[in-house]
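This report concerns only the one structure given below.
Residue numbers (the numbering used here): 1 to 257.
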């Protein structure tokens with residue numbers, strides 16, 4: 001394990017580099033349990049992650065030294081459980097911004113927190129938090145980003161991409177990208193201050209994947225067509241089915257891509 005500290009705009013930013021771990025999110029949570037609280041936005045980066053996790057309990061695997069697998073630890077100020085979707089907006093905007101600097105193509109946020117280049121997934125985000133009373137105290141945000149991987153399993157190759165595939169001239173280390181994400185997370189932390197969330201939710205919705213497009217979804221096992229209107233401050237996806245508008249959570253709906 002190597003511990004490097006870099007100085008950002010607001011405060012020192014710490015990065016812990018691991019040769020290998022099962023899951024950077026699990027490692028981060030164990031770190032919080034066993035040691036003093038980490039410096040805000042501490043990054044835990046693994047050169048190889050053997051048991052990464054995604055949304056809906058899916059696995060996220062990457063060849064060693066090829067993709068970015070990192071988790072970021074921070075404590076939002078006065079963020080209530082009722083406003084927890086701000087965590088998703090915060091992380092999604094940070095990763096989006098970093099990718100937009102590297103790839104000059106159409107990039108979108110696929111609800112709730114995947115990042116797409118066109119219709120291909122390039123990154124996924126997993127957010128886990130610890131609450132106390134009605135407030136969120138600590139957050140571990142895991143980011144899996146395809147960087148230099150160029151070949152993917154047959155069943156996902158048509159819907160997956162990487163920075164190297166989208167920008168063959170990329171000349172960044174994975175550590176450089178971790179530092180960029182870490183800095184953007186810190187830059188966006190004022191989203192948690194009272195009155196700011198709706199502004200950034202607006203940015204999130206401007207970048208929303210398939211917004212305003214008629215598309216097919218599977219809702220509770222049934223195929224249905226609808227048009228994405230946006231995401232509310234409760235984190236639910238708003239879809240118009242002809243003249244009817246409904247809201248969905250992650251457990252009810254999947255995209256048909």
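The C-beta atom is built at its ideal place from N, Cα and C for all residues, glycine as well.
- Query: With a Cβ-Cβ cutoff of 9 Å, do residue 87 and residue 141 count as a contact?
  - Reply: Residue 87 sits at position 87 when you count from the first residue of the chain shown. Residue 141 sits at position 141 when you count from the first residue of the chain shown. Yes, these two residues count as a Cβ contact at 9 Å.
- Proximity of residue 301 and residue 167 at Cβ, strictly below 9 Å: Examination of residue 301 is not possible in this model, given that the chain is present from 1 through 257 alone.
- Query: Which class does residue 216 belong to by DSSP, given the choice of helix, strand or coil?
  - Reply: As a position in the chain shown, residue 216 is number 216, starting the count at 1. It is a strand residue.
- Item | Residues that DSSP places opposite residue 75 in a beta bridge | Position 75 of the chain shown, counting from 1, holds the residue named residue 75. Partner(s): none; residue 75 has no beta bridge.
- Task: Kindly indicate which residue of 182, 158, 119 and 135 has the alpha-carbon position closest to the one of residue 143.
- Result: Here the question's residue 143 lines up with position 143 in the chain shown. Residue 182 is the option with its Cα nearest to residue 143.
- Determine the direct distance from the alpha carbon of residue 109 to that of residue 40, and round the result to whole angstroms. Locating residue 40 in the chain shown gives position 40, where the first residue counts as 1. Locating residue 109 in the chain shown gives position 109, where the first residue counts as 1. Rounded to the nearest angstrom, the two C-alpha atoms are 25 Å apart.
- Query: Is residue 227 helix, strand or coil when you go by DSSP?
  - Reply: Residue 227 sits at position 227 when you count from the first residue of the chain shown. Three-state result, residue 227: strand.
- Query: Pairing CB atoms from the region 96-108 with CB atoms from the region 217-229, are three or more of them under 8 Å?
  - Reply: no
- Item | Three CB pairs or more closer than 8 Å across the region 177-191 and the region 78-98 | yes
- Tell me whether the beta-carbon of residue 147 lies closer than 9 Å to the beta-carbon of residue 125. Counting from one through the chain shown, the residue named residue 147 turns up at place 147. Counting from one through the chain shown, the residue named residue 125 turns up at place 125. In this structure, residue 125 does not lie closer than 9 Å to residue 147 by Cβ.
- Can you list, in chain order, the residues of its chain whose CB lies under 8 Å from that of residue 256, leaving out five sequence neighbours each side? Residue mapping note: residue 256 aligns to position 256 of the chain shown, counting from 1. Only 215, 216, 217, 218 and 223 meet the Cβ criterion.
- Message: Using 8 Å as the cut-off, can you tell me whether the region 112-131 makes contact with the region 183-199, which would need three or more C-beta pairs spanning the two stretches below that distance?
- Response: no
- Item | Extent of the continuous alpha helix (DSSP H) run through residue 240 | Counting from one through the chain shown, the residue named residue 240 turns up at place 240. Looking at the DSSP string, residue 240 is not in any alpha helix (DSSP H); the run it does join, the beta strand (DSSP E), is 237-241.
- So what does DSSP say about residue 171, is it helix, strand or coil? For the purposes of this step, residue 171 is identified with residue 171 of the chain shown, where counting begins at 1. Residue 171 falls in the coil class under three-state DSSP.
- Item | Status (buried if at least 16 other CB within 10 Å, exposed otherwise) for residue 76 | Taking the chain shown and counting its residues from 1, one reaches residue 76 at position 76. Buried, because 16 or more other Cβ atoms sit within 10 Å of the Cβ of residue 76.
- Query: By Cβ distance, which residues of its chain are closer than 6 Å to residue 19, with the 5 residues on each side in sequence left out?
  - Reply: Along the chain shown, read from residue 1 onward, the residue named residue 19 stands at position 19. 47, listed in sequence order.
- Task: Please name the residue or residues paired with residue 145 in a DSSP beta bridge.
- Result: Taking the first residue of the chain shown as position 1, residue 145 is located at position 145. In the DSSP output, where bridge partners are listed per residue, residue 145 has 68 and 123.
- Three-state secondary structure (DSSP) of residue 161: Indexing the chain shown from 1 puts residue 161 at position 161. Residue state, collapsed to three classes: coil.
- residue 140 bridges to which residues according to DSSP? For the purposes of this step, residue 140 is taken as residue 140 along the chain shown, with counting starting at 1. DSSP lists 73 and 128 as partners of residue 140.
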